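Read through the structure below, which is laid out as structure tokens, and then see the notes.
In my numbering, the protein residues as written are 4 to 159.
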């Protein structure tokens, strides 16, 4: 039986093969997929690509070395994705909320839908605490790393 699936990823859909292939495989199986991703320059806010209903959220993808900058960008995307997934679920229920990491806390964008019966899938692409340890050169006792490990546990 076909499912209605929301996919969420802090990424540019057209250039990220892993979540794009997962979405297209579900469409090929017969499911209806609505994908919430970062906005892309010169691309429409909504379009259908290979059967996937793409919803781009206008949040700039942060590239750089600032922890605060990353957190601001992730938080902005999270708030918009939570709002859009919740509103879409209220209009027509999702059977599954499928979230690609990073960040792990993006799983919470499906919290409302999960409360009302949707299944939640968290596809962990990278482990955040270890990645940030290597990126920012901090140890496992650093406050940021402990916070990332805690949000990883809560998200799972």
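Ideal Cβ positions, reconstructed from N, Cα and C, are used throughout, including at glycine. Since the model is a prediction, treat every value here as computed from it, not as a measurement.
Coarse secondary structure for residue i, derived from DSSP in three states
i	result
residue 103	strand
residue 109	helix
residue 119	coil
residue 14	coil
residue 59	strand
Closest Cα partner of residue i within the set the options
i	options	result
residue 16	56, 78 and 76	56
residue 82	62, 148, 42 and 97	62
residue 119	142, 144 and 93	93
residue 46	78, 86, 60 and 71	60
Bridge partner(s) assigned by DSSP for residue i
i	result
residue 19	Beta-bridge pairing links residue 19 to no other residue.
residue 5	None; residue 5 has no bridge partner.
residue 49	58
residue 40	59
residue 125	102
7 Å CB neighbourhood of residue i in its chain, flanking five on each side removed
i	result
residue 110	102, 123, 125 and 158
residue 88	9, 11, 39, 100, 112, 113 and 116
Neighbour-count burial assignment, residue i, 16 or more Cβ in a 10 Å radius
i	result
residue 69	exposed
residue 96	exposed
residue 76	buried
Contacts around residue i, its chain only, beta-carbon distance under 8 Å, and the 5 residues preceding and following it disregarded
i	result
residue 49	56, 57, 58 and 59
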